[in-house]
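Novice: Sharing a structure below in structure tokens format, with a few things to ask.
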Amino acid sequence: MGCPICMDNTWAFHLRHGRKASYFDCHRQFLKAGHPYRRNKKAFTKGRVEKSEAPPRANGEKIWRFVRNFKSVVEDPINYPPGYGIEHKWTKRSIFWDLPYWTTNMIRHNLDVMQIEKNVFDNTFNTIMNIKGKTKDNLNARKDIRNICNRPEIAVDLDRSGFMAKAVHTLDKFQKRKIFEWIKHLKFLDRYTSNLDRCVDLNDLKMHGMKSHDCHVFMETNTYRI
């Protein structure tokens, strides 16, 4: 139950080769009925048509009935509650539940939206740029894609020498240099963002030192350009 909204009403699964929890293709149930993505059998889980509706949002009273008997981190900092890892993933009862208004609070999590956006940017950008050690495009990812999706243009097989060919979504050296030169010459209003010129490394063709706000501005700027 990693999602504070869906709770246990989720299609999350464990990647066979990547060995990580994945929420891939869990979002289509939130689309309107009749949306073309719901009938797409290729771009998402192969052969699957999404017919389910969005799960109901768990209210504070329901969650409180579930966690009220759990110990807080102050009361028991070491042990996990009964059923952990089998029935649920709760570890402790948050001390915020001691607040009288917490059950009626609309947002009961402390997710840092800007930090999440930075993580999404870093993973996406480093994969497209094929940054060594930071790209998410690896052999295990290719194997999982082949098992889950009908995307042969992404799930590229190894050649006879064992070399993993470049994916269609990664850029070559010339394309990366064009992108980084464009970033290096970007001009913004004073204090709108930090100086991205200092974050560009044209020798190694990578970015470094970008803050969460810089990633936000970069993503929004490219969205408007598209």
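Each residue of the sequence shown is one higher than the one before, counting from -12 in the numbering used here. Don't be surprised by glycine CBs; every beta carbon is placed ideally from N, CA and C.
What residue from Trp51, Ala20, Pro139 and Ile73 has the CA that sits closest to Asn92's CA?
Specialist: When only C-alpha atoms are compared, the closest one is Trp51.
Novice: Quick one, are the C-beta atoms of Trp89 and Val54 less than 8 Å apart?
Specialist: Against a cut-off of 8 Å, the Cβ pair of Val54 and Trp89 comes out as no contact.
Novice: Since I believe Asp124 is in contact with Thr111 (beta carbons under 8 Å), could you give me their beta-carbon distance rounded to a whole number of angstroms?
Specialist: Not a contact, Cβ separation roughly 11 Å.
Novice: Just the C-alpha distance for Asp214 and Met101, rounded to the nearest angstrom, thanks.
Specialist: The first residue shown for the chain is -12 and the last is 213, placing residue 214 beyond what the model contains.
Novice: Tell me whether the region 116 to 134 and the region 156 to 166 touch, counting them as touching only if at least three CB pairs, one residue from each stretch, are closer than 8 Å.
Specialist: Taking 8 Å as the limit for Cβ pairs, the verdict is that the region 156 to 166 does touch the region 116 to 134.
Novice: Could you check the C-alpha separation between Ala20 and Leu126 for me, to the nearest Å?
Specialist: Each residue's alpha carbon lies about 36 Å from the other.
Novice: Taking only the alpha-carbon atoms, compute the straight-line gap between Pro42 and Cys(-7) and give it to the nearest angstrom.
Specialist: Straight-line Cα distance between these residues: approximately 6 Å.
Novice: Buried or exposed: Phe17, going by 16 or more other Cβ atoms within 10 Å of its Cβ?
Specialist: Per the 10 Å Cβ criterion, exposed.
Novice: Pull up the distance between the alpha-carbon of Leu158 and that of Asp63, whole angstroms please.
Specialist: Whole-angstrom Cα-Cα distance: 50 Å.
Novice: Out of Lys38, Glu74, Lys79 and Leu189, which has the shortest C-alpha to C-alpha gap to Val61?
Specialist: Closest by alpha carbon: Lys79.
Novice: At which residue ranges does the region 96 to 150 contain complete alpha helix (DSSP H) runs of 4 or more residues, listed in the order of the chain?
Specialist: The region 96 to 150 contains these whole alpha helix (DSSP H) runs: 100 to 115 and 126 to 135.
Novice: Please classify Leu271: is it buried, with 16 or more other beta-carbons within 10 angstroms of its beta-carbon, or exposed?
Specialist: Outside the displayed span of the chain (-12 to 213) sits residue 271, for which this structure offers no information.
Novice: Could you spell out the range, first to last residue, of the alpha helix (DSSP H) harbouring Lys165?
Specialist: Its alpha helix (DSSP H) spans residues Lys160 to Lys171.
Novice: Please identify the residue among Leu2, Asp201 and Ala(-1) whose C-alpha is closest to the C-alpha of Val107.
Specialist: Among Leu2, Asp201 and Ala(-1), the Cα nearest to that of Val107 is on Asp201.
Novice: Does the beta-carbon of Lys105 have 16 or more other beta-carbons within 10 angstroms, so that it is buried, or is it exposed?
Specialist: Its Cβ being crowded by 16 or more others within 10 Å, Lys105 is buried.
Novice: Sort out for me which residues DSSP pairs Phe57 with in a bridge.
Specialist: The partner list for Phe57 (beta bridge, DSSP) is empty, contrary to what the question assumes.
Novice: Do Lys171 and Asp191 have their C-beta atoms closer together than 8 Å?
Specialist: Result no, Cβ atoms of Lys171 and Asp191 do not sit closer than 8 Å.
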